[in-house]
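J.: Here's a structure for you.
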Amino acid sequence: MNQQPPNTQQILLYLSGDHPCSYLEDRNARTLFVDPQQTNRLKIYNSLINQGFRRSGEMIYRPDCKTCQGCISLRIPVAQFKPRRNQRRIWKRLYDSCAITELPAEFDPAHFSLFKRYINTRHPGGDMSAMTEADYINFIGSRWAESRIFAFHQDKKLLAISVTDLLQDGLSAVYTFFDPDFEQLSLGTFSLLWQIEECKRRNLTWLYLGYWIEACQKMAYKNQYHPHEAYINGEWVIK
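FYI, in UniProt numbering the residues of the sequence shown are 1 to 239.
Structure (structure tokens):
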């Protein structure tokens with residue numbers, strides 16, 4: 001089935017059939033995909049993200065479920081962001097001791113080893129737990145997106161990886177994983193705070209967080225950054 005979102009009339013979209021929801025166990029989901037043969041995906045990517053789409057590997061997609069509107073895209077207007085007390089504490093604790101390196105989104109054995117440890121500890125038995133090296137390569141980057149890896153080190157020890165896409169108006173936080181032995185450092189929070197600051201440094205407007213689902217506990221962290229905007233009924237609404 002083909003569908004077209006507003007202002008993208010020349011983009012071919014495909015709607016999947018029903019499949020089990022990855023986030024809510026009792027739900028089925030449907031997904032809208034941009035044609036993988038679309039030749040100008042980089043050019044239209046920013047516009048599609050502004051319409052609630054997301055990238056995973058080569059695919060650009062958006063949930064399009066029959067009876068559920070639970071997946072809500074969030075973005076942070078970085079110039080207006082005001083960290084909470086605990087976020088300021090995390091930032092102060094790690095900023096001076098962490099070294100962050102920008103790298104191409106390519107395979108690195110140390111990164112993959114950290115990814116496997118993170119997934120097997122935080123999401124055992126999930127869809128990502130069986131990912132091979134090839135799956136991982138396809139997940140973190142693509143042939144067309146401007147993707148980067150930000151590697152976080154402390155005393156030369158790799159602590160966390162943030163996979164991030166560069167956009168015309170912002171950064172898109174694709175995925176972050178960290179050393180589960182250092183969970184107490186709140187590395188996921190620090191990585192998002194750092195990406196907010198990186199947006200400011202690059203004179204970008206938004207940090208896109210992807211989908212927040214109120215009923216999904218593992219997504220709860222995404223609405224803890226204020227103010228943020230939510231994509232609801234075709235419009236970005238400030239929260």
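Yeah, the Cβ is synthetic: ideal placement off N, Cα and C, and Gly gets one too. On a predicted model such as this, the values are computed, not experimentally measured, just so you know.
Is DSSP giving Gln-154 helix, strand or coil here?
T.: Residue numbering aside, residue 154 sits at position 154 when the sequence shown is read from its first letter. Residue state, collapsed to three classes: strand.
J.: Can you pull the DSSP bridge partners for Thr-189?
T.: Position 189 of the sequence shown, counting from 1, holds the residue named residue 189. None, per the DSSP bridge assignment.
J.: Using a threshold of 8 Å, state whether the C-beta atoms of Gly-52 and Ser-73 are closer than that.
T.: On the sequence shown, position 52 is the one that residue 52 refers to. On the sequence shown, position 73 is the one that residue 73 refers to. A contact, by the Cβ cut-off of 8 Å.
J.: With three or more C-beta pairs closer than 8 Å as the rule, is the stretch 212-228 touching the stretch 102-121?
T.: No, they do not touch.
J.: Under 8 Å, do Tyr-14 and Phe-33 count as touching if we go by C-beta distance?
T.: Position 14 of the sequence shown holds residue 14. Position 33 of the sequence shown holds residue 33. For Tyr-14 and Phe-33, yes; Cβs fall inside 8 Å.
J.: If you reduce the DSSP assignment to three classes, tell me which class His-19 lands in.
T.: Walking along the sequence shown from the start, residue 19 turns up at place 19. Reduced to three states, the DSSP call for His-19 is strand.
J.: Any idea what DSSP makes of Cys-98, helix, strand or coil?
T.: Against the sequence shown, residue 98 aligns to sequence position 98. DSSP places Cys-98 in strand when its eight states are reduced to three.
J.: Taking C-beta to C-beta, are Glu-146 and Leu-42 nearer than 8 Å?
T.: Position 146 of the sequence shown, counted from the start, is the residue given in the question as residue 146. Position 42 of the sequence shown, counted from the start, is the residue given in the question as residue 42. Cβ distance < 8 Å, so Glu-146 and Leu-42 count as in contact.
J.: Are Lys-222 and Ala-230 touching if we call contact CB-CB under 8 Å?
T.: The sequence position of residue 222 within the sequence shown is 222, counting from 1. The sequence position of residue 230 within the sequence shown is 230, counting from 1. Their beta carbons are not under 8 Å apart, which means Lys-222 does not touch Ala-230 by this criterion.
J.: Quick check: the stretch 146-162 against the stretch 175-191, are there 3 or more CB pairs under 8 Å?
T.: Below 8 Å, enough C-beta pairs join the stretch 146-162 and the stretch 175-191 to call them touching: three or more.
J.: Judging by CA-CA distance, which residue of Tyr-136, Glu-102, Ile-90 and Arg-85 is the nearest neighbour of Pro-109?
T.: Residue 109 sits at position 109 when you count from the first residue of the sequence shown. Of the candidates Tyr-136, Glu-102, Ile-90 and Arg-85, Tyr-136 places its Cα closest to the Cα of Pro-109.
J.: Name the residue from Ser-186, Thr-67, Asn-50 and Ile-76 whose alpha carbon lies nearest to the alpha carbon of Cys-199.
T.: Along the sequence shown, one-based indexing puts residue 199 at 199. Nearest C-alpha to Cys-199: Ile-76.
J.: Could you say which of Gln-168, Thr-39 and Arg-54 lies nearest to Arg-143 if we only look at CA atoms?
T.: In the sequence shown, residue 143 corresponds to position 143, counting from 1. When each option's Cα is compared against that of Arg-143, the closest is Thr-39.
J.: Beta-carbon separation of Trp-212 and Gly-170 under 8 Å?
T.: Your numbering for residue 212 matches position 212 in the sequence shown. Your numbering for residue 170 matches position 170 in the sequence shown. For Trp-212 and Gly-170, no; Cβs fall outside 8 Å.
J.: Tell me which residues share the same chain as Cys-68 and place their Cβ nearer than 7 Å to its Cβ, disregarding the 5 neighbours each side in the sequence.
T.: Counting from one through the sequence shown, the residue named residue 68 turns up at place 68. Taken in chain order, the residues that qualify are Arg-27.
J.: Residues in the same chain with beta-carbon distance under 7 Å from Asn-2, minus the five sequence neighbours each way, listed in chain order, please.
T.: Within the sequence shown, numbered from 1, the residue matching residue 2 stands at position 2. Here Asn-2 scores only 42 on pLDDT, less than 50, and its place in the model is too uncertain to base an answer on.
J.: Looking at the secondary structure, which residues open and close the alpha helix (DSSP H) in which Leu-48 lies?
T.: Working through the sequence shown from its first residue, we reach residue 48 at position 48. Leu-48 -> alpha helix (DSSP H) spans 41-49.
J.: Per DSSP, what are the beta-bridge partners of Trp-236 in this structure?
T.: Within the sequence shown, residue 236 is the residue found at index 236, counting from 1. Beta-bridge analysis with DSSP links Trp-236 to Tyr-231.
J.: Over the uninterrupted beta strand (DSSP E) stretch that includes Thr-121, give me the two end residues.
T.: One-based indexing of the sequence shown puts residue 121 at position 121. It is not in any beta strand (DSSP E) - Thr-121 instead sits in the alpha helix (DSSP H) that spans 109-122.
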